[in-house]
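What follows is a single structure, written as structure tokens, with notes after it.
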Amino acid sequence: MRARRSEKGRSEKGAVPHEGTRLAGQLTTIGFDADDTLWQNERFFRLTQARFAELLADFAPPEALMDRLLEAERRNVGHYGFGIKGFVLSMIETAIEVTDERVPAAVIRDLLAAGQEMLRHPIELMPEAREAILALAGTYRILLITKGDLLDQERKLAQSGLGELFDGVEIVSDKTAPRYGAIFARHGDGAERAMMVGNSLKSDVIPAIEAGAWGVFVPHDLTWELEHADPPRAHARFAELQHLGELPDLIARLG
2 MRARRSEKGR
12 SEKGAVPHEG
22 TRLAGQLTTI
32 GFDADDTLWQ
42 NERFFRLTQA
52 RFAELLADFA
62 PPEALMDRLL
72 EAERRNVGHY
82 GFGIKGFVLS
92 MIETAIEVTD
102 ERVPAAVIRD
112 LLAAGQEMLR
122 HPIELMPEAR
132 EAILALAGTY
142 RILLITKGDL
152 LDQERKLAQS
162 GLGELFDGVE
172 IVSDKTAPRY
182 GAIFARHGDG
192 AERAMMVGNS
202 LKSDVIPAIE
212 AGAWGVFVPH
222 DLTWELEHAD
232 PPRAHARFAE
242 LQHLGELPDL
252 IARLG
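Quick note on the numbering used here: the sequence shown kicks off at 2 and runs consecutively.
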């Protein structure tokens, strides 16, 4: 998931499932988010945002630029979807706006080059991502459920070296409760016997719980403002981990 500011609600504890809740051997399918759950993503957006601010420093202060960029992303996500391409188009749109349509062609060129560099950046796996999946593969159906640009997500999956560990891969335009319900029915035994693991409360956790699945929150240090939501701590199917290495133990305890 894209990110911009520190995530609120990180617990000082490790796993925090609802007291008394048990899986009772019914879990069969586990879905994993990709960006900022299995591999780093937002840090590269942050670097590009810093470059964006440098290029337009003569026209607006950094905070104002970031606010205008967020407004553009909010407007455009329904048109361009999630990912680097929509981000670059939103930067260009913002550059045109803050310069009163006088943005130098060299700035547009540099923004396009920055986006291309992001698309070429090698994958950096999160700590314990591979180990957590390996510990669960074979016992459970393991799915990758991610949103964003199809070609970019396929590229990152191929570079990650994790592709062979998944029983199914779903790259979707958005994550909603009906979408999770359909995915878990197609690849597993329905949402009631499934779990979704990710760093976004809004996209990975809450809609999965609404579909009837478990939602496991693994916070990242940064979360895009469009992904902010309050953790559903009172829900019986919500749990929070400090890192992916805690996931196998959480599932064992809930069993």
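Beta carbons are placed, not taken as given, at the ideal position from N, Cα and C, and that holds for glycine.
Source: prediction; values computed, not measured.
Counting along the chain, K157 sits inside the alpha helix (DSSP H) bounded by residues L151 to S161. A distance of 8 Å or more separates the beta carbons of N200 and V173. M196: member of the beta strand (DSSP E) spanning A195 to G199, first to last residue.
Distance from A195 to G189 at the Cβ level is roughly 5 Å; contact confirmed, criterion being Cβ atoms closer than 8 Å. Per DSSP, the beta-bridge partners of G216 are M197 and F239. Across the structure, A96 and I85 are spaced so that their CA atoms are roughly 16 Å apart.
With a threshold of 16 other beta carbon atoms within 10 Å, P208 meets it and is buried. For Y181, same chain residues with a beta-carbon under 7 Å away, outside a window of 5 residues either side, are A192, M197, P208, A209, A212 and A214 in chain order.
Here E171 carries a strand assignment [DSSP, helix/strand/coil]. When the five nearest sequence neighbours on each side are left out, the beta carbons in the same chain lying within less than 8 Å of the beta carbon of L70 are those of Q50, F53, S91, M92 and T95, in order along the chain. Here the alpha carbon of F45 sits roughly 16 Å from the alpha carbon of D111. The C-beta separation of A138 from L166 comes to about 5 Å, placing the pair in contact by the 8 Å criterion. With a beta-carbon spacing of about 6 Å, V99 and L57 fall inside the 8 Å limit used to define contacts.
For F46, the three-state secondary structure derived from DSSP is helix. In this structure, L251 keeps its C-beta atom at 8 Å or more from the C-beta atom of M127. As for any beta strand (DSSP E) of minimum length 3 sitting wholly inside the stretch 30-87, the runs are 30-33, ordered along the chain. Rounded to whole angstroms, the separation of the alpha carbons of I31 and G162 is 19 Å. For I143, the enclosing beta strand (DSSP E) has its first and last residue at R142 to K148.
Your pair F239 and P232 checks out as a contact, with CB atoms roughly 7 Å apart and the cut at 8 Å.
Residues V99 and T100 of the same chain have their beta carbon placed closer than 6 Å to that of F60, with the five preceding and five following residues left out of the count.
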